[in-house]
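This report concerns only the one structure given below.
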Amino acid sequence: MEYSVDKIFVHKNLNIHNNKITRHNTSVLNVNHVDGLVFQDNEFTWSEKYARKNTGEAISFGNHMRNFNIQELVK
Amino acid sequence: MLNISHFDQQAFELNSKLKSAINEGSKEIILSPGEFHLRGNLLEDKYCFVSNNDSGWKRILFDFTGVDNFVLDGNGAHLIFYGEIMPIRISNSSNITIKNLTIDWHRPFFSQGIVTKTESNTIFFNVDTEKYPLNADTGRLIAYDGLGWQTNDLWNMLCYDSNRQEIIPDMPENWHLSNYHKAEVLSHGEFKIEASFAQLPTVNTPIVFMHGNRVAPGIFIDASKNIRIEATTVHHAPGMAMIAEVSENITLHKYNVLPSGDRLFSSWVDASHFVDCNGHILIENCRFEGQFDDASNIHGVFWDVIEKISNQKIRVQIIHPQQVGILNIVVGDQIALHEKYTHQFVHMTNALEIEPLNNNIYDITLETIPENIENLVIRRYRQDSLVEIKNNHFGANRGRGLLLSVPGKIIVKDNYFHVDGAAIEITSDTKYWWESGPVEDVEIFNNHFDDCGFGVNGKVLFHIGPDLPEKETSPIFNSISD
């Protein structure tokens, strides 16, 4: 993964944790321009049709990111 | 037979009752339980600038202007409105509580029908015209109430799943109806409408037409503080159900926005909306369903810097027409300057003087300004706010769940979400709505996000990132495929 050298951070300090996500049928997290993101300990029960096997298809993020900790979504 | 003059008289009496109570120094009025049918023909005209709604002359039932320490106790009263009228305004007031009220419209600014047949670009449908009087004139669909209100504005048509009683998943919307449609009355309660529908609904699909504009929110709070809305239900309003602008310490407790009877919809747009509000913003134990936009949108406003007048003075312009006339920045406010095309923070200063040239261009004197002001925007910066959103039910709507974009602490916990679009959107916008701005401290936890994003208004659960103008030349978003 490569990220832009000239990063521009708009939002900062987001903590999304311990939520329950059921039957969600599309991507979970679309994020860019953030300095400081924690996304962890969220419980997923996705619809079978859209169940993903890796974080790549569940999460997309742009090139202005710093200090992020995103937990694997589907074990 | 509806008694029209009685509706006007009843509104006038309630309006006068509040005025008299305020003038006499009372601190509370208690309404009688039961139904009040209310139309605004005998009320004063007052010009209101209402952010994210349509500004203009309004007839206001309960008008709290310059009032301190007052309780409006509805005592279970049902207020049923007719036509364009604003139920409640709270302006330049403090310590106001509204409680135990229900707000609804006899003939809402929507029509609900059911599809009976379709053929190329044409939908045949039935409507209960006792509930939703409809007509057609030179091809335009006309909504009216038979009591003086009518409109040929038609914004959208939405299709519903009759089992789920919510918008059909992934069914395209029909905003183009405002530009072109051709409607015809076939017989009593039977209509057809021709347009370039993106997708034709199947027979027996419930459909809803959105008429009119954002003419009157249910509850409008402006430049006020310590306001509490409690045990109050808004079934409909021809605008946002509730909007607060440039105000402080707002509580929504057991405030509901819900469809009434067999309706599929509630308020015309957002269930709640906060613009440049600070202090403690609390939304708790509320239930929002059926509204045709977001559950709550909490944001500031960007103003465009258009000229450097002197070393301390800049000229700024309000860009979005629904923000014109609202003085989001006052003398003494801390002001943040950002680069317009990236939202990169540039400079922090304070407002020393504000000189309006008119309702959308101001000259502002700042303590300090950057040497180069090209492509800058400003916003009011208040870090002292605490936004708490907890124990709420955000049910099926058309739109998103929460839009959060203010500095200060934001806590979202113990809520249930089942919304058409993104459940949480954290943005900052100089592209269309000009709603600022970056967040600095957000915690979202212990919520249940249940099958969100089922409609066409957002295919992601959490959308986080600025909404930048198209002049942006460098790519800001690269999906990662593996």
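Respectively, the protein sequence lines represent chains A and B. Just remember that the numbering used here sits 72 ahead of the position in the first sequence, which is counted from 1. Just remember that the numbering used here sits 2 ahead of the position in the second sequence, which is counted from 1. Don't be surprised by glycine CBs; every beta carbon is placed ideally from N, CA and C.
Run of the alpha helix (DSSP H) containing residue i, from where it starts to where it stops
i, result
"B/Ile24", "6 to 25"
Continuous beta strand (DSSP E) stretch holding residue i: start and end
i, result
"B/Thr288", "The residue you asked about is not Thr; residue 288 of chain B is Cys in the sequence shown. First-last for B/Cys288: undefined, no H or E at that position."
"B/Phe66", "58 to 67"
"B/Tyr257", "250 to 259"
"B/Phe193", "192 to 196"
"B/Asp306", "305 to 310"
"B/Arg41", "36 to 41"
"A/Ser99", "99 to 103"
"B/Trp107", "96 to 107"
"B/Leu490", "In the structure displayed, chain B extends from 3 to 484; residue 490 of chain B sits before or after that span and is not available."
"B/Thr207", "No beta strand (DSSP E) contains B/Thr207, which DSSP labels as neither H nor E."
"B/Asn158", "156 to 163"
"B/Gln114", "112 to 121"
"A/Asn117", "Sequence inspection shows Thr at residue 117 of chain A; the Asn mentioned does not correspond to that position. That run of the beta strand (DSSP E) goes 115 to 117."
"B/Ile245", "244 to 247"
"B/Ser274", "274 to 277"
Spatial neighbours of residue i in its chain, beta-carbon cut-off 6 angstroms, leaving aside the 5 residues before and after
i, result
"B/Ser53", "Glu247, Val277, Gln325, Ile328"
"B/Thr120", "Leu202"
"B/Asn102", "Asp75, Gly76, Asn77, Gly78, Ala233"
"A/Asn91", "Asn114"
"B/Tyr383", "Gln336, Ala338"
"B/Thr475", "Any reading at B/Thr475 needs caution, since the residue's pLDDT is 49, under 50, leaving its predicted position unreliable; the model's value is listed next. Once the five neighbours on either side are set aside, B/Thr475 has no close Cβ partner at all."
"B/Ala239", "Pro219, Gly220, Ser269"
"B/Asn361", "Val326, Gly327"
"B/Val69", "Ile24, Ser95"
"B/Gly397", "Glu291, His420"
"B/His345", "Ser430, Pro468"
"B/Ile223", "Ile92, Ile229, Ala246, Ser249"
"B/Met173", "Cys161"
"B/Val73", "Glu30, Thr99"
Contact set for residue i: own chain, Cβ-Cβ below 8 angstroms, skip 5 residues either direction
i, result
"B/Lys487", "As shown, chain B starts at 3 and ends at 484. That puts residue 487 of chain B outside it, with no answer to give."
"B/Ser387", "Cys279, Asn280, Gly281, His282, Ile283, Val408, Pro409, Gly410, Lys411"
"B/Leu45", "Ala13, Phe14, Asn17, Arg61, Ile62, Leu63, Ile87"
"B/Pro372", "Leu339, Val348, His349, Leu378"
"A/Gly26", "With chain A running from 73 to 147 in the structure shown, residue 26 of chain A is simply not present."
"B/Lys19", "Ile31"
"B/Tyr49", "Ser57, Gly58, Trp59, Lys60"
"B/Met212", "Phe111, Phe112, Leu156, Trp157, Asn158, Met159, Leu160, Trp270, Phe294"
Check whether residue i and residue j have beta carbons under 8 angstroms apart
i, j, result
"A/Thr117", "A/Thr98", "no"
"B/Ser226", "B/Ile98", "yes"
"B/Val333", "B/Val318", "no"
"B/Thr104", "B/His237", "yes"
"B/Asn399", "B/Asn417", "no"
"B/Leu406", "B/Val441", "yes"
"B/Ala273", "B/Leu404", "no"
"B/Ser93", "B/Phe66", "yes"
"A/Ile88", "B/Phe38", "no"
"B/Asp56", "B/Val217", "yes"
"B/His108", "B/Ile82", "yes"
"B/Met242", "B/Val271", "yes"
"B/Ile316", "B/Leu368", "yes"
"B/Gly85", "B/Asp130", "no"
"B/Leu179", "B/Ala197", "yes"
"B/Val117", "B/Thr207", "yes"
"B/Ile391", "B/Ile428", "no"
Cutoff 7 angstroms; reference residue i; Cβ partners in own chain excluding five residues on either side
i, result
"A/Asn126", "Note that A/Asn126 has pLDDT 41, beneath the 50 cutoff, so the model's placement of it is unreliable and no number is given."
"B/Trp436", "Val303, Phe304, Ile321, His322, Gln325"
"B/Tyr146", "Pro135, Asn137, Gln152"
"B/Phe267", "Phe112, Val210, Pro261, Gly292, Phe294"
"B/Ile375", "Val307, Lys310, Ile316"
"B/Asn43", "Asp10"
"B/Glu175", "Asn158, Leu160, Val458"
Under 8 angstroms, with one C-beta from each stretch per pair, do the stretch 251 to 268 of chain B and the stretch 284 to 299 of chain B reach the 3-pair mark?
yes
Contacting positions in the stretch 92 to 106 of chain A - beta carbon closer than 8 angstroms to chain C
Looking for chain C here will not work: the only protein chains present are A and B.
Residue ranges of each beta strand (DSSP E) within the stretch 320 to 402 of chain B, 3 or longer
Within the stretch 320 to 402 of chain B, the beta strand (DSSP E) runs of at least 3 residues that lie entirely inside it are, in chain order, 336 to 341, 347 to 358, 363 to 368, 378 to 382, 388 to 392.
Assess, as a yes-or-no matter, whether the stretch 229 to 240 of chain B is touched by the stretch 158 to 166 of chain B under the definition of 3 or more beta carbon pairs within less than 8 angstroms.
No, because fewer than three Cβ pairs between the stretch 158 to 166 of chain B and the stretch 229 to 240 of chain B fall closer than 8 angstroms, the two stretches do not touch.
Is it the case that the stretch 305 to 312 of chain B contacts the stretch 441 to 449 of chain B, given that we only count it when at least three CB pairs across the two stretches are under 8 angstroms?
no
At least 3 beta-carbon pairs within less than 8 angstroms: the stretch 409 to 429 of chain B vs the stretch 457 to 473 of chain B:
yes
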